[in-house]
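To start, the structure under review is shown below, and the notes come after it.
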Amino acid sequence: MRRAGPADLDDLMALEARCFSAADGLFNRRQLRYQLASPRCAWFVAGRFEGAACLLLASNGRDRWGRLYSLAVDPAHRNKGIAKRLLATSFAWFQEQGVQVMRAEVKSTNLAARRLYADLGFVEHEELPNYYGLGTSGIKLYRRM
Ligand SMILES: CC(C)(COP(=O)(O)OP(=O)(O)OC[C@H]1O[C@@H](n2cnc3c(N)ncnc32)[C@H](O)[C@@H]1OP(=O)(O)O)[C@@H](O)C(=O)NCCC(=O)NCCS
91 MRRAGPADLD DLMALEARCF SAADGLFNRR QLRYQLASPR CAWFVAGRFE
141 GAACLLLASN GRDRWGRLYS LAVDPAHRNK GIAKRLLATS FAWFQEQGVQ
191 VMRAEVKSTN LAARRLYADL GFVEHEELPN YYGLGTSGIK LYRRM
């Protein structure tokens, strides 16, 4: 597990394309380049791009929180505990940054991710109708660090 940098742009784009369809909302090159350079963002990569997680530090002036912005494991490497390891690394990074609450969103139909998050202490607290497009709801989650 290691933190990615600007030189990982192409490999991260390729991993995202293996894990998500265009309808899921893939990051484009410009967004990824910005994320890799931003001090408020961290990408962590497992192995040789077997999986990756994108984390953001967010605030609204008064409150600070961490956001899980993307989590993806290559279909060829699923069910081997990689997502759990990426999330353990994410928790450690947020704790280092003084973050006390981590937030995430998930498609309500994504049962694998919902179970993963529940296993790791996330609480589902709000439904987001049409969050992923018309007729596809999301669920807002949080986890105290
Ligand atoms: C969801 C995803 C990240 C899981 O990655 P993974 O490395 O296979 O997950 P892990 O091996 O660490 O599994 C951890 C837990 O996730 C849950 N899980 C994973 N796959 C599952 C499945 N197919 N069905 C039900 N639960 C599942 C289980 O709780 C599992 O714990 P267990 O092994 O003790 O049963 C992966 O399937 C993925 O990249 N999917 C496409 C992208 C995506 O949906 N990202 C999350 C969007 S918010």
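With positions in the sequence shown counted from 1, the corresponding number in this note's numbering is that position plus 90. The C-beta atom is built at its ideal place from N, Cα and C for all residues, glycine as well.
Once DSSP output is grouped into helix, strand and coil, what is the label at residue i?
| i | result |
| --- | --- |
| M103 | helix |
| A124 | It is worth fixing the name first, because residue 124 is Tyr in this sequence and not Ala. Reduced to three states, the DSSP call for Y124 is helix. |
| Y253 | As shown, the chain starts at 91 and ends at 235. That puts residue 253 outside it, with no answer to give. |
| R138 | coil |
| L147 | strand |
| A194 | strand |
With a threshold of 6 Å on Cβ separation, who are the neighbours of residue i within its own chain once the five nearest residues in sequence on each side are excluded?
| i | result |
| --- | --- |
| R193 | W155, R157 and Y232 |
| L177 | L210 |
| P219 | S227 |
| V163 | G141, I172 and A173 |
| Q185 | M235 |
Quick check on the burial criterion: 16 or more other C-beta atoms within 10 angstroms. Buried or exposed for residue i?
| i | result |
| --- | --- |
| G188 | exposed |
| S180 | buried |
| A190 | The residue you asked about is not Ala; residue 190 is Gln in the sequence shown. Under this definition Q190 is an exposed residue. |
| A124 | Correcting the residue identity first, residue 124 is Tyr in this sequence and not Ala. That one is exposed. |
| A132 | buried |
Cutting at 8 Å between CB atoms, please list the residues of its own chain near residue i, excluding the five before and the five after it.
| i | result |
| --- | --- |
| V213 | L231, Y232 and R233 |
Would you mind listing the beta strand (DSSP E) stretches within the stretch 150–190 that are 3+ residues and don't spill past its ends, in chain order? 154–163
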